[in-house]
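Structure first, commentary second.
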Amino acid sequence: MTGTTKALSGSVAVDNAARSVTRPFYVYAVLANTLFQRGVFVLFLQHRGFSAGQVALLQTLLYLVSGLAELPTGVIADRIGRRAGIVIGQMLIAVCLLGQGTFSNYWVFLTLFIGQGVGMACVSGSDTALLYDLLVRRGATANYVKIKSRFTMLGTVTSGAAIVLGGQLQRISWGVVYVGSAACLVLAVVVLMSRVPEIRGADAVDEQDGAKEHGDATAWRAMLRVATPALVTLVVVSGLMHATLTPYIIFTQKTLSGQGAGTALVSVVIAAGFFAGGLTPLLSDRADRRIGYRVIVPVSLLTLAAALGLSGLGLVWVTIAAFLALVGIPEITAVIVDNVFNEAVPSRHRASLLSMIAFVESALIGIGYLVLGALMDGLGSSVGMATYAAVPLLACLLWLPVLFRGARVTSEIEKPADQKAS
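In terms of the working numbering, the sequence shown has 369 at position 385, counting the first letter as 1, and numbering is strictly consecutive.
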């Protein structure tokens, strides 16, 4: 009885420690994702007179710049602080959104999208690294998948609600949509600054038992030490999954419009997709324990291929049904894979290494936008979508050797004490 009581007491203490970390992060997730323009910004860009090719170029530039900026911003976040990186990034994005709501010249938009890409890079890697290492400090990383799934759910569901509100705010003006989004990002920064402590790479590694035995002078050496062939494959395959999912979600707006759906219906469908994509990650913890990332990765890729293929039929209600039914499954995979990446990299360079991984994903997403935009311009929105299904199928083929050989993705480097005990 005494041992059981102590175990329960320890579990309660871990849960309380986790809650002290996660509460402000959950508030931040809601505010940072209250982006009213997200579900209708393609329509906004078309309203500005930009073609599908120009929209694709803007999105490609956004993600390519974000990818190129990942490496230096990740190093900066480890050196000066992860919270500082998030604050700089969100404020830069807010300024760029205000500019997009004000100007209409395409060259100005190119500049603003470059700035927004840098802001995204500042946030990417830093937010996950900050959350994970704060949990490391409190010995609560065993709950990370569950916490990250809730964090993702809150952000995605909020995005869906913001999209619906954005469609209503657009009736007033596009300016209100963009000013409202920027204001919410500023509020997210205020919450972060007031409720979340700062942490640097050096601070994080000091919390790890025996971490100094593996201290690497640079992030590059650390990456070489942990980069197993299976991990590299997972990075590429995950990048191709995101390079399929992100353009698919965005260009579904154009596909539905081309198949006869009105702006109001498009807004509702995209919002519903965000709700579906936000709720399904709550299944991540169960899927991780019962299925594991090795199997869930190809399942997600085949799901994406099916969704793209069904969109190619040109039937608006089939496209809607496929989008709503299938868009959430890759979100489960994203949470599980994120946990694998965090387990694989050392704390001292966590933001830097996660930024390197995000660089690959951003570069592939940028190329994906360009390819899908060209396909939709050349073949039509529906056929272009169906043709793009070749990308997740290629990723699935790349993953098969890891699936069947059972190669290790993570290495035994510096697992937290709670994971070692388990």
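We treat Cβ as the ideally placed atom computed from N, Cα and C, and that holds for glycine.
Would you call residue i buried or exposed, if buried means 16 or more other Cβ atoms sit within 10 Å of its Cβ?
| i | result |
| --- | --- |
| M177 | exposed |
| L129 | In the sequence under discussion, the amino acid at residue 129 is Val, which differs from the Leu named in the question. When all chains shown are included, V129 counts as buried. |
| A40 | buried |
| L410 | Given a span of -15 to 406 for the chain in the structure shown, any question on residue 410 remains unanswerable. |
| S295 | buried |
| V174 | exposed |
| S4 | exposed |
| V279 | exposed |
| G246 | exposed |
| L384 | exposed |
| F25 | buried |
| L27 | buried |
| P181 | exposed |
| R274 | exposed |
| G194 | Residue confidence is low: G194 scores 44 on pLDDT, short of 50, so the model does not pin down where it sits. No coordinate-derived value is stated. |
Just to confirm before moving on: does the CB-CB distance between residue i and residue j stay below 9 Å?
| i | j | result |
| --- | --- | --- |
| G144 | A256 | yes |
| I70 | D111 | yes |
| G312 | P376 | no |
| T6 | N326 | no |
| S241 | S365 | yes |
| S165 | Q21 | yes |
| T228 | G352 | yes |
| V386 | A214 | yes |
| A382 | V221 | The residue asked about is misnamed: residue 382 is Leu in this sequence, not Ala. Result yes, Cβ atoms of L382 and V221 sit closer than 9 Å. |
| A61 | A113 | yes |
| A379 | L292 | no |
| F235 | G362 | no |
| I341 | S268 | no |
| G262 | V141 | yes |
| L19 | A146 | yes |
| A309 | A260 | yes |
Going along the chain, which residues of its own chain have a beta-carbon closer than 6 Å to the beta-carbon of residue i, five neighbours each way excluded?
| i | result |
| --- | --- |
| G58 | G109, A335, S336, S339 |
| N323 | Y128, V129 |
| G139 | A13, N17 |
| I304 | V253 |
| G350 | T44, Y47, L48 |
| C106 | T57, G69, I72, G73 |
| T136 | P265, V319 |
| E191 | Unreliable positioning characterises E191 in this predicted model, as indicated by a pLDDT of 46, which lies under 50. The coordinate reading is nonetheless provided below. Once the five neighbours on either side are set aside, the close Cβ partners of E191 are V120, R121. |
| L81 | Y162, S165, A166 |
| G199 | Note that G199 has pLDDT 48, beneath the 50 cutoff, so the model's placement of it is unreliable and no number is given. |
List the endpoints of the continuous alpha helix (DSSP H) containing residue i.
| i | result |
| --- | --- |
| G368 | 365 to 371 |
| I131 | 128 to 153 |
| Q243 | Note, Q243: premise wrong, no alpha helix (DSSP H); not H, not E. |
| V21 | The identity of residue 21 in the sequence shown is Gln, whereas the question assumes Val. Where Q21 is concerned, there is no enclosing alpha helix (DSSP H), given that its DSSP letter is neither H nor E. |
| P314 | 313 to 328 |
| L297 | Neither: L297 is in no alpha helix (DSSP H) and is coded neither H nor E. |
| E54 | 36 to 64 |
| T112 | 110 to 121 |
| R179 | 158 to 179 |
| A271 | 268 to 274 |
| F93 | 90 to 107 |
| R389 | 374 to 389 |
Could you tell me how far apart the beta carbons of residue i and residue j are, in whole angstroms, since I believe they sit closer than 8 Å?
| i | j | result |
| --- | --- | --- |
| L46 | F97 | 5 Å |
| G368 | L359 | 4 Å |
| V163 | G244 | At roughly 32 Å, the Cβ-Cβ gap does not stay under 8 Å, so V163 and G244 are not in contact. |
| V148 | Q154 | Contact flag wrong, Cβ pair sits at about 11 Å. |
| I77 | G37 | At roughly 24 Å, the Cβ-Cβ gap does not stay under 8 Å, so I77 and G37 are not in contact. |
| G101 | V49 | 3 Å |
| Y232 | L288 | 7 Å |
Excluding the five sequence neighbours on either side, which residues of its own chain have a C-beta within less than 8 Å of the C-beta of residue i, listed in chain order?
| i | result |
| --- | --- |
| L42 | L29, F34, F93, L94, F97 |
| M75 | G103, L169, V170, V173 |
| I64 | R184 |
| M225 | V281, S284, L285, L288, P314, T317, A318, P376, A379 |
Please check if any C-beta of chain C sits within less than 9 Å of the C-beta of residue i.
| i | result |
| --- | --- |
| S178 | Here chain C cannot be found, since the structure has a single protein chain. |
Closer than 7 Å by C-beta to residue i: which residues in its own chain qualify, once you throw out the five before and the five after it? Chain order, please.
| i | result |
| --- | --- |
| T86 | none |
| R389 | none |
| G151 | V24, A248, S251 |
| G223 | V344, E345, L348 |
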